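Right, one structure below, let's go through it.
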Amino acid sequence: MTTVIHAAGLRKEFGRTRALDGLDLEVQQGEVHGFLGPNGSGKSTTIRVLLGLLRADGGDVSLLGGDPWSQAATLHRRLAYVPGDVALWPNLTGGEVIDLLGRLRGQADDRHAGGRRAELLERFDLDPTKKGRAYSKGNRQKVALVAALASDAELLILDEPTSGLDPLMEEVFRECIREVRDEGRTVLLSSHILSEVEHLCERLTIIRAGRTVQTGSLTDMRHLSRTAVDVELDRSPVALESAPGVHDLRTEGRRVHLSVDPDELGSVMNLLTQCGIRRITSAPPSLEELFMDLYRRPADTAREVGARP
Amino acid sequence: MSPSGTGTLLRLALRRDRVLAPVVVLLLGLTAWSTAAATVALYPDPAQVTSAAVAANASPALVALYGPVHASLGSLASLKMLSTGAVAIALAAVFLLRRHTRTEEETGRVELLGAGALSRHAPLTAAVLHTTLVVLLASALCALGYAASGLPVAGSVALGLAWLVAGLAFTGITAVAVQLTSSARTVAAIAGGGVAAAYLLRAVGDAAGDGPARVLVWLSPLGWAQQVRPYAGERWWVGLLALAFTAATTALAYVLRSRRDLGSGLFADRAGPAHTTMGSPLALAWRLQRSAIVGWSLALVLMGAVLGGFASSAATLLDSPQARDMIRSLGGTGSLTDAFISAEFGIMAAVVAGFGVAAALRMLGEETSTRAELTLSTATSRWSWLMSHVGLALVGSAGILALLGAGAAAADGATRGDLGDSFARVLPAALVQVPPVWVVIGVAVLLYGTASRLAVGAWVVLAGCLVIGQLGELLALPTAVQGLSPFRHVPMLPGAAFDPTPVVALVAVAGILVVVGGSLFRRRDLH
Ligand SMILES: Nc1ncnc2c1ncn2[C@@H]1O[C@H](COP(=O)(O)OP(=O)(O)OP(=O)(O)O)[C@@H](O)[C@H]1O
Ligand SMILES: [Mg+2]
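If you read the protein sequences in the order shown, they are chains A and B.
What the first sequence shows, in the working numbering, is residues 15 to 323, in sequence order.
What the second sequence shows, in the working numbering, is residues 3 to 529, in sequence order.
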């Protein structure tokens, strides 16, 4: 499997703001890679570095095997980009923008692309004869999406592409991305919508304050997070406080609430069994909890979690 | 925050324009003051005033261009400020009002603010107040400048009032235009077309002398400005007429605003083509710039025709030694007609440089709107993107100057009955102004290439060239300072001999500026 995007220790400063602070990102060919992080964490900045619009202050970066800064124009023939907030030319129609972007990308206007363009316009319910200024935010986004999806680019870089789409269109978008994946193309998808990421992405990278805090497949990440346990025991528990892997311990007589690190789940269960379990509920971590946890945690501790195998 | 948010928006507008507004006010005010001072110095003898007025009124072209002169020094001194000065302040009003209303809506910033406690009319109210303030200050400065030059105070105040009349009337007209269409460019076309129409009505009315077409003057807000009659029996009540007009148009704007949605116009956008064959950065740049280029071309060919039309009568018009001196200092030592052509082309070249800077800085608008990001995420290289816009600015400005020259040559040739000779002499005089215009464009490219926030500095540079050109002699600026303006180095054709050295040097400087600016642009971050 080849690496389509590789970034290691990426740094970028804007004056005194440190937007990227040693960010790592690795995207393999053929995957839909989720890119998440709180507002201002550096997702768009990373993408703009990948597009050669910004020059990184430090770190390594390669895109489709080339240098995104010095070989920008050549590499751009092979990718399509959808910005989060699409600005169109007020006096150009959506259809004109789609054609223009396709040609500027160096795409031949063959029948195949023409057919796909028409089909996408239909699916996204987009009127290509409206002037740029007359489109709503969501429709502007659709123009850029159709332009990107109609191309035969091997890499799609999408920065919050669905922030203006209604649920119906969001569903169309998901279908399109699945088709793109089935064709073996690669997608980098920055998003704040967890269900979207959950449905589309095999692997994801979570960043905070310009650093990667977690990267891997969703299943791995679920495994990495703590399980919440609520248990009623025969005897008052002993030695739980000092047991490794136990967090957020609360004891009310014989009822105990705690959360357990995945690696220590077995040994903690042993401890609890010794006290006689009467009733137990355990909740697997929800995706939301996982993200909230990662988003909120101070950057350094999060980094430790990220460093785990 | 006031309940409607008008106060907040007004403060926001003042903050946004904290550089722009003072520059507009000072530039207009200083131009007025320098014109007053210069004219007063030109006509020390009352007899000369009378003969100059008679000569000026005898030329229909001049009367159409500037309006009739009344036999007073103040009237002679305020001739240009009552005509072209009023046009300038009207255009400033159009520009400012549009900037704070339709442009804000088009970019979606109002929507962003609208989430707060903004009333529907607050943006319009704030923009009208802001524009009025700027117009008022410029008018006051104009009045002060004239009074300070020793002209009668009442007439000077009336001249300020005339500016106010023009500025306020077009504030009202633009307020209406803004409601009609969702495009800021179309607003500029409508309101700018309104200014042109007002100027034309006034010109035709004035040229009609005492004929029935005279009444056309009263259909034009620029005609009203002139009818305040500074220094010639002031008619103060015309101010009330303009005030009533402004109140009525502004009220209409509020009514229209209530009938439309935010971001849309009263007239729906027409649908356009679903396909295009456009496929290069140059084609895109041309598409974005073509209406501006066509508009400028038309305006300048007309301007050339007017200038050429009375170039040959310039000798009789400028019937004072001081006036001859001034024209000669600006336009060289040839015949007075030649000097006149050279001087006027020099001024027009600075205006065309304004087009060139605006065309080159289209890139800035593309960058701040993030459309450049979309274009540059394709196989378009930064160099070809930049060169498309810059190339269009360079070729466009050269073409516009050529049209200015052709218009002047055709009119001059028709007047004198020798087209061939006119083209041979007048067209090169216009074309020789191309290199300094290119240098100014080059400066804009260099600044933009260095950092996008520096790009507006190009306007400051252009304003500096204008000040040197218009006031350099008057303020007796040192030669070294005057030499900073590229326009100073052009051979004063058609009177003077053609010296290729400065022309070639200016082209080389422009080329270096563009190449260095382009290279810097390739190395910097895009924001
Ligand atoms: N051109 C710029 N100049 C100065 N600071 C910038 C610039 N661009 C981004 N930043 C700063 O860099 C940081 C990262 O911004 P970025 O846009 O990459 O975040 P993001 O993860 O995309 O956020 P969001 O989820 O809100 O889109 C922020 O603190 C932002 O303020
Ligand atoms: Mg972002």
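Glycine included, each C-beta is placed from N, C-alpha and C at the ideal position.
What you are looking at is a predicted structure, and each value in this text was computed from that prediction instead of being measured.
Within the chosen limit of 7 Å, ligand 1 does not reach the beta carbon of Ala21(A) with any heavy atom. Look at Glu375(B): its beta carbon is at least 7 Å from all of the heavy atoms in ligand 2. Residues whose Cβ lies closer than 5 Å to any heavy atom of ligand 1, listed in chain order: Phe28(A), Thr31(A), Ala33(A), Asn53(A), Gly54(A), Ser55(A), Gly56(A), Lys57(A), Ser58(A), Thr59(A) and His529(B). Chain-ordered, the chain A residues with CB closer than 8 Å to the CB of Ala381(B) read Ala87, Thr88, His90, Arg91, Leu118, Arg119 and Gly120.
Taking every protein chain shown into account, the CB of Asp262(A) has fewer than 16 other CB atoms within 10 angstroms, so this residue is exposed. Residues of chain B with a Cβ closer than 9 Å to the Cβ of Pro104(A) are, in chain order, Glu108, Ser184, Ser185, Ala186 and Arg187. In this structure, the beta-carbon distance from Tyr233(B) to Pro154(B) falls below 8 Å. Here the distance from the Cβ of Glu174(A) to the nearest heavy atom of ligand 2 is below 7 Å. According to the DSSP assignment, His391(B) belongs to the alpha helix (DSSP H) that extends over Arg384 to Arg418. Taking one beta carbon from each stretch, the segment 337-349 of chain B and the segment 365-377 of chain B have fewer than 3 pairs nearer than 8 Å; the two do not touch. Using a Cβ-Cβ cut-off of 7 Å, Pro142(A) is close to Ala276 of chain B, given in chain order. The C-alpha of Leu396(B) lies about 46 Å from the C-alpha of Val186(A). Contacts with chain B at 8 Å (Cβ-Cβ) include Thr107(A).
Distance from the CA atom of Gly120(A) to the CA atom of Ala164(A), rounded to whole angstroms, is 13 Å. Collapsing the DSSP output to three states places Gly497(B) in coil. Boundaries of the alpha helix (DSSP H) around Leu146(B): Ala124 to Ala150.
Ligand 2 never approaches Gly195(B) closely enough for any of its heavy atoms to be under 7 Å from the residue's Cβ. Note on Thr233(A): under 16 other CB atoms within 10 angstroms of its CB, so exposed under the neighbour-count rule.
For Ala101(A), the neighbours in chain B by C-beta distance under 8 Å run, in chain order, Ser371, Thr372, Arg373 and Leu376. At the C-beta level, Ala287(B) and His391(B) come within 8 Å of one another. Listed in chain order, the positions of the segment 254-278 of chain B with a beta carbon within less than 9 Å of a beta carbon of chain A are Gly265, Ser266, Ala270, Asp271, Arg272, Ala273, Gly274, Pro275, Ala276, His277 and Thr278. Nearest C-alpha to Leu68(A) among Gly56(A), Glu133(A) and Arg92(A): Gly56(A).
Relative to the non-hydrogen atoms of ligand 2, the Cβ of Gly367(B) never comes closer than 7 Å to any of them. Contact check for Gly108(A) against Val46(A) fails: the beta carbons are separated by 8 Å or more. The three-state secondary structure of Thr16(A), taken from DSSP, is coil. Distance check between His529(B) and each of Gly267(A), Thr16(A), Ile294(A) and Thr59(A) places Thr59(A) closest, using alpha-carbon atoms only.
In the structure shown, Ser36(B) falls within a helical segment according to DSSP collapsed to helix, strand and coil.
In terms of Cβ geometry, Leu64(A) and Ile112(A) do not form a close pair [threshold 8 Å]. Gly80(A) and Phe500(B) have their C-alpha atoms roughly 53 Å apart. Distances from the CA of Ile443(B) to each of Leu464(B), Pro430(B) and Arg237(B) were compared; the closest alpha carbon is that of Leu464(B).
Taken in chain order, the complete beta strand (DSSP E) segments of 3 residues or longer contained in the segment 167-195 of chain A are 169-173.
For His102(B), the secondary structure class from DSSP, reduced to helix, strand or coil, is helix. Taking a 10 Å sphere around the C-beta of Met494(B), we find 16 or more other C-beta atoms and assign the residue as buried.
Taking each of Asp166(A), Ser209(A), Arg199(A) and Val41(A) in turn and checking the Cα distance to Val75(A), the smallest one comes out for Val41(A). For Ile220(A), the uninterrupted beta strand (DSSP E) run begins and ends at Arg217 to Arg222, by DSSP.
Note that the C-beta distance between Ala162(A) and Leu169(A) is not below 8 Å.
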